[in-house]
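Engineer:
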Amino acid sequence: MPRPEVLERIKSAEEEADEIVALAENDRDERIAEARKRAEEIRTEAEQEARDLKERRLEEARQEIDEECERVLREGEQEREALAERAQDRVDEVTDYVVELFQEDVHAQT
């Protein structure tokens, strides 16, 4: 093979290799860009899911607190009613006791 042909083939092979490398680098850059884009999409979706979960849990907690508050208020109302009823039941007894103390005091002064 004559020397100029060999040099031409070497030059051609180098150009072809350069093109292959350039295509590979371009492909790599595109894949990296796509991977970054997808990673950003995944991150955005994960953040939204986290926000949604946080809101659901907060709403559940608020609902539990409201239910507990209502329960405590109901129990307090029941206890108040029971105390009022017991107090009412003792009105006559206390009135009799006060009258008795008054009479004893009046008798003690005479």
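Residue numbers (our numbering): -10 to 99. Virtual Cβ for every residue (Gly too), placed ideally from N, Cα, C.
1) In whole angstroms, what separates the C-alpha of residue 35 from that of residue 49?
2) Could you tell me the alpha carbon to alpha carbon distance between residue 95 and residue 70, rounded to whole angstroms?
3) Quick check on residue -9: does DSSP put it in helix, strand or coil?
4) What number of angstroms, rounded off, separates the C-alpha of residue 1 from the C-alpha of residue 27?
Structural biologist: Looking at the atomic coordinates:
1) Here residue 35 refers to the residue found at position 46 of the sequence shown. Here residue 49 refers to the residue found at position 60 of the sequence shown. The alpha-carbon atoms of residue 35 and residue 49 are separated by roughly 21 Å.
2) Position 106 of the sequence shown, counting from 1, holds the residue named residue 95. Position 81 of the sequence shown, counting from 1, holds the residue named residue 70. Residue 95 and residue 70: Cα-Cα distance of roughly 37 Å.
3) The count along the sequence shown starts at 1 and reaches residue -9 at position 2. Coil, per DSSP.
4) One-based indexing of the sequence shown puts residue 1 at position 12. One-based indexing of the sequence shown puts residue 27 at position 38. Roughly 38 Å separates the two Cα atoms.
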